[in-house]
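Novice: Attaching a single structure in C-alpha cells format; questions to follow.
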Amino acid sequence: MTNRHFPFKKYMNILTHFPGSFKNVNCISDLDTILEESNYLSGWFLEAPKFTTIRINTLAISPEEVKQIIETGLREESEKCCQTSALIYTHPVLTDCLVIGPWHDQDVKNDFSNCEVIVDAACGAAVLRGADVFAPGIMGIPKSVSEGDVVDVFADTDGKCLRGLLVKYNEGGKVFIGTGVAKMTRKELFEGDSHPNGIAVEIIQRISRVPRISLPIQFGLLQNLPSILCCHVLNPQPGQRAL
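In full-length UniProt numbering, the protein residues as written are 1 to 243.
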C-alpha cells in the first residue's frame with residue numbers, strides 16, 4: 001500500500017484520460033494498483049511546480065533589468081532566512097520569459113508549534129506557488145496567536161473546515177504547507193462584521209521551496225510556461241481576438 005494521497009479521489013473520471021492501465025480504472029478499489037504502477041505520475045500531480053515563470057513586458061523593460069530586480073529581492077530574503085538564493089535565468093528559446101528556480105538548501109522543519117492555522121485549498125495552492133496567506137483564505141486560527149508569532153500553516157484539502165474554527169482541526173484532511181509569521185490576530189480576522197484583507201501570515205518556509213516573487217505589474221506577470229508558449233504560437237496581431 002503506498003503512503004501517497006491519491007490526487008483525484010473525488011474525480012475518478014479524470015483517470016480515463018490517462019495512458020496505459022489508467023484508462024481501465026472504474027472504482028477506488030483499483031487505486032493501490034494504479035499508484036504502484038505509476039508512482040511518479042501520482043507524485044507529480046501532488047507537488048507544486050518547482051520553477052516559476054514570468055512573461056516580461058518587453059515594451060516597458062528588458063529581461064535583464066527584470067532579472068536584476070528579482071535578484072535583489074531574493075538576495076534580501078535569502079539573507080534574512082539563511083537560504084541559498086534561487087537560480088534565475090532567461091528561457092533559452094522564449095526570450096521574454098524569465099525562469100526562477102526553488103531555494104537550493106531549504107529544509108522545512110517538522111517540529112510543529114502549538115499554533116496551527118488552517119487555510120482553504122485555494123489559498124494553500126497559492127502558498128505553494130510562492131504567495132503569502134491573505135486574510136480571506138484563513139479558515140481557522142487559535143485565540144492565542146499574537147502578531148509576530150510563528151505559526152504552522154495547513155491547507156484544508158477536504159473543504160470541511162468551517163470559517164472561524166476555534167479548536168484544532170481534526171475532522172477532515174489537512175496538509176502541512178509551511179511556516180510563517182502571523183500579521184493579524186483572530187480578533188482582526190473574524191470578530192464583528194469586518195471583511196479583512198491584506199497579508200494575515202507572512203510565509204517564511206514552504207514545503208515547495210518556491211520563493212516569493214514581487215514585481216510591478218507593468219513589467220510583467222506570473223504565467224505558466226505553456227501559456228507563455230501559446231502567446232508565441234498564436235502571435236496575435238493588433239485588433240485580433242484570441243478565444
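C-beta atoms are modelled at their ideal positions from N, C-alpha and C, and glycine is treated no differently.
As the structure is a computational prediction, the values presented were derived from the model and not from experiment.
What is the rounded straight-line gap between the Cα of GLU202 and the Cα of ILE100?
Specialist: Near 20 angstroms, if we compare the C-alpha coordinates of ILE100 and GLU202.
Novice: Should the stretch 111 to 121 be called in touch with the stretch 146 to 165, which here means at least 3 C-beta pairs below 8 angstroms?
Specialist: Because the criterion of three Cβ pairs below 8 angstroms is met, the stretch 111 to 121 and the stretch 146 to 165 touch.
Novice: Just how far apart, CA to CA, sit VAL175 and ASN114?
Specialist: The straight-line gap from Cα to Cα measures roughly 16 angstroms.
Novice: Using DSSP bridges, identify the partner residues of residue 250.
Specialist: With the chain covering only 1 through 243, there is no way to say anything about residue 250.
Novice: With a threshold of 7 angstroms on Cβ separation, who are the neighbours of PHE190 within its own chain once the five nearest residues in sequence on each side are excluded?
Specialist: Excluding residues within five positions, the ones whose Cβ falls inside 7 angstroms are GLY164.
Novice: To the nearest angstrom, how far is it from the Cα of ASP132 to the Cα of SER227?
Specialist: Cα to Cα, ASP132 sits roughly 24 angstroms from SER227.
Novice: So within the UniProt domain "PUA" (115 to 208), which uninterrupted beta strand (DSSP E) runs reach at least 3 residues, ignoring any that extend past its ends?
Specialist: As far as the UniProt domain "PUA" (115 to 208) is concerned, its whole beta strand (DSSP E) runs of at least 3 residues are 116 to 119, 138 to 140, 150 to 156, 174 to 182 and 199 to 206.
Novice: Give the DSSP-derived three-state secondary structure of ARG212 in the structure shown.
Specialist: If DSSP states are grouped into helix, strand and coil, ARG212 belongs with coil.
Novice: Run through the stretch 61 to 95 for me and flag every whole beta strand (DSSP E) of 3 or more residues, listed as ranges in chain order.
Specialist: If we require 3 residues or more, the beta strand (DSSP E) runs fully inside the stretch 61 to 95 come out as 88 to 90.
Novice: Find the nearest neighbour of VAL127 within the set PRO92, LEU229, VAL153 and ASP149, judged by alpha-carbon distance.
Specialist: The residue with the shortest Cα to Cα distance from VAL127 is VAL153.
Novice: Nearest to THR179 by CA position, among VAL151, LEU94 and GLY198, is which residue?
Specialist: Nearest option by C-alpha distance: VAL151.
Novice: Secondary structure at ILE54, three-state DSSP: helix, strand or coil?
Specialist: Of the three classes helix, strand and coil, the one that applies to ILE54 here is strand, per DSSP.
Novice: Rounded to whole angstroms, what is the Cα-Cα separation between PRO63 and ASN170?
Specialist: Taking the straight line from one Cα to the other gives about 47 angstroms.
Novice: So, helix, strand or coil for ASN100, using DSSP?
Specialist: The identity of residue 100 in the sequence shown is Ile, whereas the question assumes Asn. Looking at ILE100 - three-state DSSP - the assignment turns out to be strand.
Novice: How long is the line joining the alpha carbons of LYS80 and SER194, rounded to whole angstroms?
Specialist: Roughly 33 angstroms between the two C-alpha positions.
Novice: Cα separation between PRO236 and GLY172?
Specialist: Approximately 46 angstroms, taken between the alpha carbons.
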